[in-house]
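From first to last, the protein sequence lines stand for chains A and B. So the first sequence is numbered by our numbering: it starts at 1 and just counts up by one. So the second sequence is numbered by our numbering: it starts at 1 and just counts up by one. Just so it is clear, CB atoms sit at the ideal spot from N, CA and C, and this is done for glycine as well. All values derive from a computational prediction rather than experimental measurement. To keep things clear, I will list the structure first and then write my remarks on it.
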Amino acid sequence: MANASEPIADLIGREYAAGFVTNIESETIPPGLNEDVIATISAKKNEPQWMLDWRLEAYRTWRAMTPPEWAHLKHPPVDFDAISYYSAPKSQKNRPKSLDEVDPELLATYEKLGIPLHERAALAGVAVDVVFDSVSVATTFREELGKVGVIFCPISEAIREYPELVKEYLGSVVPVRDNFYAALNSAVFSDGSFVYIPKGVRCPMELSTYFRINEQNTGQFERTLIICDDDAYVSYLEGCTAPKRDENQLHAAVVELVARNNAQIKYSTVQNWYPGDENGDGGIYNFVTKRGLCAGVNSKISWTQVETGSAITWKYPSVVLRGDNSVGEFYSVALTHHFQQADTGTKMIHMGKNTRSTIVSKGISAGRSQNTYRGLVRVSPNAVGARNYTQCDSLLIGDKCGAHTFPYIENRNSDSIVEHEATTSKVSDDQLFLCQQRGIDAEKAVSMIVNGFCKEVFRELPMEFAVEAGKLLEVSLEGAVG
Amino acid sequence: MLTIKNLTAQVDGKKILNGLNLQVKPGEVHAIMGPNGSGKSTLANVLAGRAGYEVTGGEALFEGKNLLELSPDVRAREGLFLAFQYPVEIPGVTNLQFLKAAVDAMRHHRGQTPLDASAFMRLAREKCKGLALNPDFLKRGVNEGFSGGEKKRNEILQMALLEPKLALLDETDSGLDIDALQIAAEGVNAFRSPERAVVLITHYQRLLDYIVPDYVHVLAQGRIIKSGTRELALELEDKGYSWVLEEAKAS
Ligand SMILES: Nc1ncnc2c1ncn2[C@@H]1O[C@H](COP(=O)(O)OP(=O)(O)OP(=O)(O)O)[C@@H](O)[C@H]1O
Ligand SMILES: [Mg+2]
């Protein structure tokens, strides 16, 4: 509790609510990576030869690459031989056909996470795909979606059932050699979600995936591919958690989005991977490549992210605006506390005429954390009439944390407008005192001030998610004031 | 209601309050006047529990409770209100949201159920009307871009909504135009009741034409050096502070 003689100070952290381990028998292959391991993963998934070849090619590419070092992040090198690249709950061998067949312990896990699968799905009309360690566990509402031709299934299944679609689009937005972690993911990804919305279909419900890392020493490498055909629309939600472990765990996902003519994809993430403890021990290393391609005219892709977890975040959800009049948006809240480090932002690549992009980034740093916004706006010579607006705000809580902003602008078209605004502010003792003097306790006050700061981003989130995000911020900031 | 005995306090190692005594009973209105830098705001801040103000001696009892050991938010919920001399802005948080959170906290403390959004809205609009504030005011960020006078009226609005037992008003009259001063004074007068007390910090005896105090005190060099009634304020206006300071030195 705050008393008269304590101004804002960083104190002990709170318990990480999602930090429990689930006791489920699982099958995990030994740590280390080589061509045999990749063949094993591929075999476990009953993959066709072309997929295995693609993976092996990616593996060879990856071997020749080195981890990127340009980010404003400090961490010991990752030992890629100490990680197991595949782990699956054992009961997966007989894949559940419906939710009733899903291991009750697993369902209990999601309950604990506050995602009662049945209710959530039924009440909110959300179709949920759950990825536990490496495999998809349950996909709800598939039948209902099937009626309108929407495909929503684990990507492992899509590889077998819809090889033509997968072959055409996998790696089309994030090529294998795009970066070190994307290449690694391409070699070893074990599951993730696949979505295809056919022409003219507005997906009748929000699609949702929850990712959870459970096993020790496993990495999670999910792969998500979402294709929205002409005139189609989808809103997709992604949530993530992991148990508390003393060691660092690796998460290296790739998400690819393709929007064809007049199509719209709204992708929302609430990322709450285990951030490590108040001393900076443990936590997830989150190296993620997310990119959307506005392939068609008048298409639109929006990324909205609320990032409160992970020890290290390296993530730049981007949009390639190829179609004329296409629109890219990035709304982000990144909160770091204790010893967390985040280097996150976006890239907006304007190629088509009259393309527009909006970037709103809100970084909140507390404790001894470091929070970096890194953004690139590139306007190519052909992108006549392109427009970008970037707003980048940082909020500091306490005086031991850091906020950094690296906005890169490459404008090769004189007929375009690129605007950038940036602010840095502090939750001041005076603001806190005003709230307290009106009877509001310190933690509520900070959460209210922070929520006010994030307002422009939260209003982009689907309703239930916005509520969840607000609560998550509150919980993540516990102990941020004295 | 409020008993201050021999209170000493310092800021950044600098002694500001030097053995201050004051007694406020329910129903009373006290005016505190005094030269710039004499410690008036410091007294208000110490009572409200602002960080950085270190109490080095003496005591302050509020309804028999030791005020000094309560956290600032608890003091507020117990019924102590401070209208700030310089209200701070909280961008992005709407006035309405802020006021609702504050009223909810107070009601919770008193064991009352929270008001639902529409009931609160009605109440807030009504209070705005009483202070001749445009209800659009509620939608704006807390003090964000408010004029000096609007900020002060917003303080009175908060007081009206929170219904404290003891209100400390730190130069709430400064920066108000003549009409606004009258409206704010009406707000304070409406607030007066036999159960409540008000401490007005002011430089201008004009305010006391509108809000007639029971007592007037002169605070100088961190102590109350003279107390009197309404007439003392008029005398101060006429003669300034030097004679009081002389008198205090002599005794
Ligand atoms: N945070 C602080 N750091 C250093 N000195 C301070 C601080 N707060 C107050 N003081 C000093 O304490 C003394 C009393 O200040 P205070 O604000 O209480 O005066 P006041 O009587 O309210 O004056 P005014 O009539 O100008 O509002 C002043 O000399 C002031 O400079
Ligand atoms: Mg003052």
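Inclusion of Pro154/A and Phe194/A in the CB contact set at 8 Å is warranted, their separation being smaller than that value. Going by beta carbons, Glu155/B and Pro213/B fall outside the 8 Å limit. Interface annotation, Ile83/A: not in contact with chain B, CB-CB separation never under 8 Å. DSSP places Ile417/A inside the beta strand (DSSP E), whose first and last residues are 417 to 426. Contact between Thr308/A and Leu335/A holds, since their C-beta atoms are separated by about 5 Å, short of 8 Å.
Going by beta carbons, Gly149/B and Ala180/B fall inside the 8 Å limit. Distance from the CA of Leu472/A to the CA of Gly37/B, rounded to the nearest whole angstrom, comes to 44 Å. By the criterion of a C-beta distance shorter than 7 Å, Lys100/B is surrounded in its chain by Phe120, once the five residues flanking it on both sides are discounted. Taking the C-beta atoms as reference points, Gly323/A is found no nearer than 8 Å to Asp230/A. Of the candidates Leu257/A, Ser268/A, Arg368/A, Ser268/A places its Cα closest to the Cα of Pro462/A. Within the stretch 62 to 83 of chain B, the residues whose Cβ lies closer than 7 Å to any Cβ of chain A are, in chain order, Ser71, Pro72, Asp73, Ala76, Arg77, Leu82. Listed in chain order, the beta strand (DSSP E) runs fully inside the stretch 11 to 35 of chain B are 14 to 24, 29 to 33, counting runs of at least 3 residues. Within the stretch 81 to 106 of chain B, contact with chain A at the beta-carbon level (separation under 9 Å) is assigned to Phe81, Leu82, Phe84, Tyr86, Pro87, Val88, Glu89, Ile90, Pro91, Gly92, Val93, Thr94, Gln97, Phe98, Leu99, Ala101, Ala102, Val103, Asp104, Ala105, Met106. The alpha-carbon separation between Val319/A and Gly345/A amounts to approximately 12 Å. Annotated as proximal: Gly19/B and Thr8/B, with beta-carbon spacing under 8 Å.
For Met348/A, the enclosing beta strand (DSSP E) begins and ends at 341 to 350.
Under the DSSP definition of a beta bridge, His251/A partners with Gln220/A, Asn286/A.
The beta-carbon separation of Gly363/A and Lys400/A, rounded to 16 Å, does not stay under the 8 Å limit for a contact.
At a C-beta separation below 7 Å, Gln158/B has these neighbours in chain A: Arg438. Screening all residues for a C-beta within a distance smaller than 7 Å of any heavy atom in ligand 2 leaves Lys40/B, Ser41/B, Gln85/B, Asp170/B, Glu171/B, Ile201/B, in chain order.
Going by DSSP, Tyr210/B is part of the alpha helix (DSSP H) stretching over 207 to 210. Setting aside the 5 residues that flank it on each side, Pro381/A is surrounded in the same chain by Arg412, Asn413, each with a C-beta closer than 6 Å to its C-beta; the list follows chain order. Looking at the DSSP output, Thr358/A bridges to Glu329/A, Tyr389/A. Put simply, the CB of Ile449/A is near chain B, with a gap under 8 Å to one of its CB atoms.
Within chain A, no C-beta atom comes nearer than 7 Å to that of Arg140/B; the closest sits roughly 12 Å away.
For the pair Ser299/A and Glu329/A, the CB atoms are not nearer than the 8 Å cut-off. Proximity of the beta carbon of Asp12/B to ligand 1 is indicated: a heavy atom of the ligand is located closer than 7 Å. When the beta-carbon positions are compared, Pro164/B and Phe81/B come within less than 8 Å of each other. Within the chosen limit of 7 Å, ligand 1 reaches the beta carbon of Asn36/B through at least one heavy atom. The beta carbon of Ile16/B sits closer than 7 Å to at least one heavy atom of ligand 1. Note on geometry: alpha-carbon atoms of Gln437/A and Pro35/B lie some 26 Å from one another. Distances from the alpha-carbon of Pro407/A to those of Leu396/A, Val148/A, Ala422/A put Ala422/A closest. Against chain A, a Cβ distance below 7 Å from Ala48/B picks out Gln437. The beta carbon of Gly49/B sits no closer than 7 Å to any heavy atom of ligand 1. Judged by their CB atoms, Thr424/A and Ser394/A are nearer to each other than the 8 Å cut-off. Between Gln49/A and Gln340/A, the alpha-carbon positions lie close to 41 Å from each other.
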